[in-house]
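For the protein sequence lines, the chains are P and G, in the order given. According to our numbering, the first sequence holds residues 2 to 114 in order. According to our numbering, the second sequence holds residues 2 to 114 in order. Contents: one structure, followed by commentary.
Protein chains: 2
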Amino acid sequence: MSQALWQFKAEIFQALGHPTRIAIVEALGKGEQSAGHLIEKLGLEQANASQHLSVLRAKQLVISRKEGNQVFYSLRDPVLIEVLEILKRYFYSHVSQTMSMLKEIRAEQVAKK
Amino acid sequence: MSQALWQFKAEIFQALGHPTRIAIVEALGKGEQSAGHLIEKLGLEQANASQHLSVLRAKQLVISRKEGNQVFYSLRDPVLIEVLEILKRYFYSHVSQTMSMLKEIRAEQVAKK
DNA sequence: TACGCATATTCTAAAGTTCGAATATACTGG
DNA sequence: CCAGTATATTCGAACTTTAGAATATGCGTA
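So, in structure tokens, the structure goes:
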């Protein structure tokens, strides 16, 4: 059984393993939003946003509801927000050690440009 | 700020986004273990295990301590176990909806062989 | 029906991840 | 110093993920 559970958990983490998808999930934590609204709020490319939403849908982290022209997304289970909150605390409780990591991340990003 | 925080969270989720690494973290939840012990317990290839441990180390989810010949690993913060526990509950509270997902995963794996 | 808007899908190239095999490092006991 | 054990790193091939461009679908309204 463990095997399946590991796989399941890994799939969820992987689905959350992209900054844009984190941003989407956090935005949805404040309530249901249309795809268009998310795109505007987060400044995303339409196609790209749609792809990320499709990942979240495939892993069933979000639910979509069609209303006329638009598609409204919401979190399937607010427990996700709980998890993100825990990580925020984790982040702050290790700030100093984390900072060097963030600096590295930024340095890499700059280096790429 | 959000940007960096999203990136940071995404990095952590990604580090957890592999079944083997989940298994390692869960094993470490029961206390410090040597690399060799983990390898044996989880039935991993030595090099593969070492690579996964290196990912966890890079994201600072685990701490390593050298003792003579061996390297002992432990979780940097037990909050990770808390997150995994939450996900276990999540898993069971959506079992029926999840089952079809797991079946698909297995079907894909079979299809690949 | 035809148009326009919102969203999804498909495609391609680039980048990143994974595995196992081979090799390297580093410590211990003889 | 040598051999043996424990762990890490490097390499290449297969696979996956990503972004953006182009295209498709689906709905509402004229």
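Yeah, the Cβ is synthetic: ideal placement off N, Cα and C, and Gly gets one too.
Taking 8 Å as the threshold, the shortest C-beta distance from Val-72(P) to chain G does not fall below it. Going by C-alpha positions, Pro-79(G) is about 7 Å away from Gly-30(G). For Arg-22(G), there is no enclosing beta strand (DSSP E); the enclosing alpha helix (DSSP H) has its first and last residue at 20-30. Arg-77, Asp-78, Val-80, Leu-81, Glu-83, Val-84, Leu-85, Ile-87, Leu-88, Lys-89, Arg-90, Tyr-91, Phe-92, Ser-94 and His-95: these are the residues of the segment 64-96 of chain G whose beta carbon lies less than 9 Å from some beta carbon of chain P, given in chain order. Under DSSP, Ser-55(P) shares a beta bridge with no residue. The alpha-carbon of Ala-16(P) is positioned some 8 Å away from that of Arg-22(P). Ser-35(P) is not a Cβ neighbour of Gln-61(P), given a cutoff of 8 Å. Within chain G, the residues whose beta carbon sits less than 8 Å from that of Ala-24(P) are Ser-3 and Trp-7, listed in sequence order. Leu-54(G) and Ile-82(G) do not touch by the CB rule: their CB atoms are close to 17 Å apart, not below 8 Å. For Glu-12(P), the enclosing alpha helix (DSSP H) has its first and last residue at 3-16. In the DSSP assignment, Leu-76(P) falls within the beta strand (DSSP E) that extends over 71-76.
In this structure, the CA atom of Lys-10(G) is about 34 Å from the CA atom of Gly-69(P).
Judged by beta-carbon spacing, Gly-18(G) lies beyond the 8 Å limit of Phe-73(P), meaning their Cβ atoms are not closer than that value.
Residue pairing of Ser-35(G) in beta bridges, as defined by DSSP: Phe-73(G).
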